[in-house]
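Numbering (this note's numbering), first residue to last: 143 to 718. Where a beta carbon is used, it is the ideal one built from N, C-alpha and C, also for glycine. The structure appears right after this line, and notes come after that.
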């Protein structure tokens with residue numbers, strides 16, 4: 143008996159593989175599952191696929207010296223060769239015996255040295271033809287986005303890839319991110335790296351790292367080492383300069399900026415363990431039986447803007463942070479100034495008795511810190527409270543629009559409209575839609591609201607921002623709703639936020655994913671189809687597939703439906 147040719151045997155294995163996929167499921171699909179959905183993707187009516195060669199290689203047309211591009215090429219080359227993803231519902235493909243295995247993806251990057259900064263070009267085009275594949279991007283960061291798309295167009299064992307595919311892609315919004323709080327509960331570095339990796343898979347590009355708060359100060363700073371020595375939960379629950387460098391470099395390898403936030407003057411109780419003299423109302427009970435509330439939640443302490451030493455310490459902190467983080471944006475917080483906290487301090491009491499106001503106290507803080515941050519060549523991001531808070535806020539005259547961005551988190555579209563109508567750029571993080579910690583109850587220990595026998599559940603989830611934000615809630619939010627064309631241009635993008643009062647590494651992945659994937663698509667290519675209709679029904683099937691692929695890649699994303707729904711398309715929909 144004649145031995146079959148190796149190429150023919152490989153092709154037979156491939157045909158059997160694809161056939162098994164179809165036979166083991168009630169349905170196949172003619173849809174290519176890419177997340178986030180590209181702005182424009184066409185697949186010719188032949189619905190063809192071909193094998194990738196066992197030595198499949200990603201090549202560049204010209205030499206380059208960008209180590210982050212080299213890391214991405216190596217990473218995706220290995221992924222395409224080894225992933226062997228098994229779709230829940232496999233694509234329906236025709237296999238031509240005339241198609242040779244795909245050996246190369248040719249990568250053309252016009253400006254490989256363009257820096258990863260806000261507004262950098264992330265566009266790419268991808269063509270996968272029967273005998274060749276070409277990915278073209280203006281920058282390294284667009285190339286990384288295109289490599290992710292290519293990886294999602296490959297599946298099976300042996301690996302096949304869709305051919306006759308043409309993609310043009312570019313994000314709708316330049317700023318697409320996650321805010322993660324690592325002060326209230328600590329996350330090991332490996333969890334942060336995994337989060338950044340998953341962000342890159344979803345074409346997100348900003349990891350907003352809320353580093354410090356009243357509960358702990360885990361960041362080790364060379365000039366102010368006592369803040370972490372005394373303010374961290376434990377000596378092993380810190381982020382050293384070496385850790386920061388690892389995370390920043392890992393972010394660059396994956397096309398993700400790392401934006402540091404040092405929240406001040408509020409949310410600074412942990413500073414008092416090293417410098418009690420510069421923090422007001424530190425270590426006091428947050429909600430005394432008589433008198434003013436001292437904090438928005440347990441954990442009191444505000445920096446004292448009337449103490450000159452505050453600025454000696456704070457400027458050392460800012461200088462160190464801007465040295466550790468090359469990111470051009472610096473987040474300075476300035477949210478939730480609680481009047482009762484400042485009023486406990488004798489110096490501030492005297493200032494108020496002489497006719498001063500708390501807004502003037504905050505103004506002194508901003509005037510003493512904003513110019514210093516700007517001198518370090520940073521754009522400053524503040525939470526919206528600095529301008530919009532009803533009680534303690536500053537005038538827009540001291541917040542230069544060309545240097546300041548406001549991040550909005552209250553009152554949904556209304557606050558977005560207020561900010562952009564004043565001419566400020568904004569990042570949208572509406573707590574009504576984008577807060578991932580909501581709906582898990584409150585964390586105070588003796589809340590009688592939960593002692594109910596009639597089934598009542600305060601705020602439909604028991605937390606101040608309940609209910610739980612489903613992926614559909616995230617997906618369908620239009621961050622520029624109600625804005626005119628000029629106002630909409632000032633919306634840089636959005637971030638979901640995970641505040642960690644009730645989160646740590648044991649639940650991190652499931653809290654974030656796949657709900658943040660919903661944000662990723664809505665900010666990359668929108669949440670509407672070509673006819674302008676919301677596409678959440680079609681997105682459900684793709685998100686099921688994408689969640690499955692993320693899990694196979696090591697991301698603990700929670701399910702959004704029973705597998706039965708995936709295997710029975712349309713049967714889990716509601717009546718319209």
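- In the structure shown, the three-state DSSP call for residue 236 is strand.
- Just measuring C-alpha positions, the residue of 703, 585, 173 and 557 sitting nearest residue 633 is 557.
- Per DSSP, residue 617 has no beta bridge partner at all.
- If the five residues before and after residue 678 are omitted, its C-beta is found closer than 8 Å to the C-beta atoms of 614, 617, 618 and 669, all from its own chain and listed in chain order.
- Assignment of beta-bridge partners to residue 475 by DSSP yields 406 and 524.
- Under the three-state reduction of DSSP, residue 512 is assigned to helix.
- Taken through DSSP and simplified to helix, strand or coil, residue 314 comes out as coil.
- The stretch 429–447 makes contact with the stretch 490–506; the number of CB pairs closer than 8 Å reaches 3 or more.
- Rounded to the nearest angstrom, the Cβ distance from residue 394 to residue 258 is 6 Å, consistent with a contact under 8 Å.
- Excluding the 5 residues flanking it on each side, residue 459 has same chain C-beta neighbours closer than 8 Å at 363, 365, 366, 369 and 404, in chain order.
- Taken through DSSP and simplified to helix, strand or coil, residue 226 comes out as coil.
- Of the other Cβ atoms in all chains shown, 16 or more fall within 10 Å of the Cβ of residue 227; this residue is therefore buried.
- In the displayed model, residue 453 falls within a helix according to three-state DSSP.
- Close CB contacts of residue 324 within its chain, under the 8 Å cut and outside five residues either way in sequence, are with 334, 351, 352, 353, 360, 381 and 642 (chain order).
- For residue 292, the enclosing alpha helix (DSSP H) begins and ends at 282–294.
- Assigned with DSSP and collapsed to three states, residue 501 falls in helix.
- In this structure the stretch 312–327 does not lie against the stretch 236–252, because fewer than three pairs of beta carbons, one per stretch, are closer than 8 Å.
- Residue pairing for residue 350: DSSP places it in a beta bridge opposite 321 and 401.
- Checking the DSSP bridge columns, you'll see residue 246 partnered with 199.
- Looking from the CA of residue 276, the closest CA among 375, 607 and 202 belongs to 202.
- Secondary structure of residue 637 (DSSP, three-state): strand.
- Classified as buried, residue 522 has 16 or more neighbouring CB atoms from the shown chains inside 10 Å of its CB.
- Judged by their CB atoms, residue 198 and residue 301 are nearer to each other than the 9 Å cut-off.
- Between residue 329 and residue 646, the C-beta gap is smaller than 9 Å, which places the two residues in contact.
- Rounded to the nearest whole angstrom, the C-alpha separation of residue 607 and residue 485 is 28 Å.
- According to the DSSP assignment, residue 491 belongs to the alpha helix (DSSP H) that extends over 488–495.
- Excluding sequence positions up to five before and after residue 213, its CB lies within less than 8 Å of the CB of 395, all in the same chain and listed in chain order.
- Classified as buried, residue 547 has 16 or more neighbouring CB atoms from the shown chains inside 10 Å of its CB.
- Secondary structure note for residue 654: its alpha helix (DSSP H) is the uninterrupted segment 650–654.
- DSSP links residue 567 through a beta bridge to 547.
- In this structure, residue 654 lies near residue 320, with their beta-carbon atoms less than 9 Å apart.
- Between residue 636 and residue 569, the C-beta spacing is below 9 Å.
- Per the C-alpha coordinates, the member of 425, 682, 627 and 697 positioned closest to residue 716 is 682.
- Beta bridge pairing from DSSP links residue 304 with 191.
- With contacts defined as CB atoms closer than 9 Å, residue 689 and residue 702 qualify as a contacting pair.
- When the Cα atoms are used, residue 418 and residue 439 turn out to be separated by approximately 20 Å.
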